[in-house]
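J.: The structure under discussion is supplied below as structure tokens; questions concerning it will follow.
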Amino acid sequence: MPAFDIIVVGSGGGLDETNLSGYLLKPCDASWEDGIVALEAGSGHGALRHIMKRNPTIFGERPADEDPSKPQITPFTVYSNVKCFLLTHAHLDHINSLVMSAGTIGGGSKRIYGSPQTLKDLETIFSDRVWPRLATWDESNPLFRLVYHSVHADGKYKRIFPDISVRIMEISHGKNDSGLYESSAYFIRHDPTAHQFLFFGDVEPDSIAAKPKNIAIWRIAAPMIPQQLSVIFIECSYPAGRPNEVLWGHLCPEHLVQEMINLATEVVLARKAPKTRAGGSRPRKKQRKNPVPPEELHGALDGLRVYIMHCKEHFSSMDRPINHVIGDQARDLLKPHHLGVELLTADQGMKIVWDQ
Ligand SMILES: [Zn+2]
Ligand SMILES: [Zn+2]
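So that you can map any letter, position 264 of the sequence shown is 995 in our numbering, and since no number is skipped, the others follow by simple counting.
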């Protein structure tokens, strides 16, 4: 059963500023006019204008009997219908269009959801120096259209939109001079059907992270795959062969494949766990010493679709889009493991509708 519709406004990770992380989301049984969640806000109005020029009916055909005087759908009307932004972290390639449009975006008040740290970082931009103070913590202040609203990593789902709740998880995105840098992943749930998808912000592999955090997410996801959770969006910023020292808190295909193996392992363990203890803690240490043999992972991720995103363009010209190059590399590396997962690329302008 379908749960969500997603339009990919941008899916790159730089350097092309017209294709930065930005996704528009709605429950599949609602209309785009009813309201939209903007998941990340790297690219926005400008990118959407080009997408709508290429594909004028991406938001649906106008009904034949519709009043012709009704205004046309435009990037401005689309973003006017955005009810909230959901951010994974405050790096510029994830917030650029939110900042640029903050003073002129249409529609009513919009919440900006993110971890406390993400919103604190965003505040440094809306601080009357880099950009005017165009967001507030005070929901009752009518002078502001953008309102910060923290999402806490408390293991609970928080309603952010009619029929949509999210659970935030902290992930590791490398380190800088001030220490570890955190980003977020979200379980995004369509409440009426309980179907959800998992959306990662920028993330580094557990194998090189000072504090591995992805494994906790795989353990939560595992029992839901594929019935309740059949779609994952995850970054794969760099092509294969990139040394660990220059990953800068990101994934490349070799590490993505290892993360998929980790997930498949958790899926197998979750399926083996005695039913009576479902939901309870499992003897993890013992399981670690007895890893699941590779052949037992075959087909563990059947029914799961993983979209890779946030691929960084190289400055030298390429014959093919970088995300397709990286996608092919990841698929080749993944193939011998027979996990069953379908690996796809999130392309700018794509409309993603999924059936469970
Ligand atoms: Zn980042
Ligand atoms: Zn990024």
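Glycine residues also receive a C-beta, built at the ideal position from the N, C-alpha and C atoms.
Predicted model only: the values in this text are computed from it and were never measured.
(1) Where do the N-terminal and C-terminal ends of the beta strand (DSSP E) with Leu960 fall, by residue?
(2) Between the alpha carbons of Phe875 and Thr867, how many angstroms are there, rounded?
(3) With a threshold of 7 Å, establish whether the CB of His822 neighbours any heavy atom of ligand 2.
(4) Just the C-alpha distance for Val1023 and Leu1070, rounded to the nearest angstrom, thanks.
(5) Taking the beta carbon of Phe1046 as the centre, do at least 16 other beta carbons fall within 10 Å, making it buried, or is it exposed?
(6) Would you mind sorting Met1049 into buried or exposed? The rule is 16 or more other CB atoms within 10 Å of its CB.
(7) Please name the residue or residues paired with Asp736 in a DSSP beta bridge.
(8) Taking the alpha carbon of Ile843 as the point to measure from, which residue in Ala769, Lys757, Met900 has its own alpha carbon closest?
(9) Is any non-hydrogen atom of ligand 1 found closer than 7 Å to the C-beta of Asp687, if you look at the structure I gave you?
(10) Looking at the secondary structure, which residues open and close the alpha helix (DSSP H) in which Phe930 lies?
(11) By DSSP, does Ala953 sit in helix, in strand, or in coil?
(12) Run the CB neighbour count on Val977, radius 10 Å, all protein chains shown included, and call it buried at 16 or more, exposed below.
(13) For a minimum of 3 consecutive residues, which ranges assigned as the beta strand (DSSP E) are wholly contained in the segment 801-851?
(14) Who are the Cβ neighbours of Ile767 in its own chain at under 6 Å, not counting the five residues just before and after it?
(15) Who are the Cβ neighbours of Pro954 in its own chain at under 6 Å, not counting the five residues just before and after it?
(16) According to DSSP, simplified to helix, strand and coil, what is Asn945?
(17) Do Glu901 and Ser846 come within 8 Å of each other at the CB atom, strictly closer than that value?
(18) For Gly775, is the beta carbon positioned less than 7 Å from some heavy atom of ligand 2?
(19) Please name the residue or residues paired with Lys1043 in a DSSP beta bridge.
(20) Give me, in chain order, the residues of the same chain whose beta-carbon lies closer than 7 Å to that of Ser938; leave out the 5 immediate sequence neighbours on both sides.
(21) Distance check for Trp949 and Val809, CA to CA, integer angstroms please.
(22) Return the chain-ordered ranges of every beta strand (DSSP E) run that is complete within the segment 876-930 and spans a minimum of 3 residues.
(23) Go ahead and label Thr835 buried or exposed: buried means 16 or more other beta carbons lie within 10 angstroms of its beta carbon, across all protein chains shown.
(24) Tell me whether Val882 is buried or exposed, calling it buried when 16 or more other Cβ atoms sit within 10 Å of its Cβ.
T.: Working from what's here:
(1) 960-966 is the span of the beta strand (DSSP E), which, as asked, contains Leu960.
(2) Answer to the nearest angstrom: the Cα atoms are 7 Å apart.
(3) In terms of side-chain proximity, the C-beta atom of His822 is found nearer than 7 Å to a non-hydrogen atom of ligand 2.
(4) Val1023 and Leu1070 have their C-alpha atoms some 13 Å from each other.
(5) Flag for Phe1046 reads exposed.
(6) Looking at its Cβ environment, which holds fewer than 16 other Cβ atoms inside 10 Å, Met1049 is exposed.
(7) Asp736 is bridged to Lys757, Val1084.
(8) With respect to the C-alpha of Ile843, the residue from Ala769, Lys757, Met900 having the closest C-alpha is Ala769.
(9) Here the chain has residues from 732 to 1087 only, and residue 687 is not among them.
(10) No alpha helix (DSSP H) holds Phe930; the beta strand (DSSP E) holding it covers 926-931.
(11) DSSP places Ala953 in the helix class (H, G or I) of the three-state scheme.
(12) Exposed, by the Cβ-count rule.
(13) Runs found: 813-817, 841-845.
(14) Its chain contains Leu755, Lys757, Asn812, Val813 as the residues whose beta carbon lies nearer than 6 Å to that of Ile767, once the 5 sequence neighbours on both sides are disregarded; these appear in chain order.
(15) Here the set comprises Ala1001.
(16) In the structure shown, the three-state DSSP call for Asn945 is helix.
(17) In contact: Ser846 and Glu901 (Cβ atoms closer than 8 Å).
(18) Checking every heavy atom of ligand 2 against the Cβ of Gly775, none is found closer than 7 Å.
(19) Answer by DSSP bridge pairing: none, since Lys1043 is not bridged.
(20) Answer for Ser938: His986, Gln989, listed in chain order.
(21) Each residue's alpha carbon lies about 34 Å from the other.
(22) Listed in chain order, the beta strand (DSSP E) runs fully inside the segment 876-930 are 877-881, 889-892, 895-907, 910-921, counting runs of at least 3 residues.
(23) Burial is judged here by how many other beta carbons sit within 10 angstroms of a residue's own beta carbon; Thr835 has fewer than 16 and is exposed.
(24) Buried is the call here.
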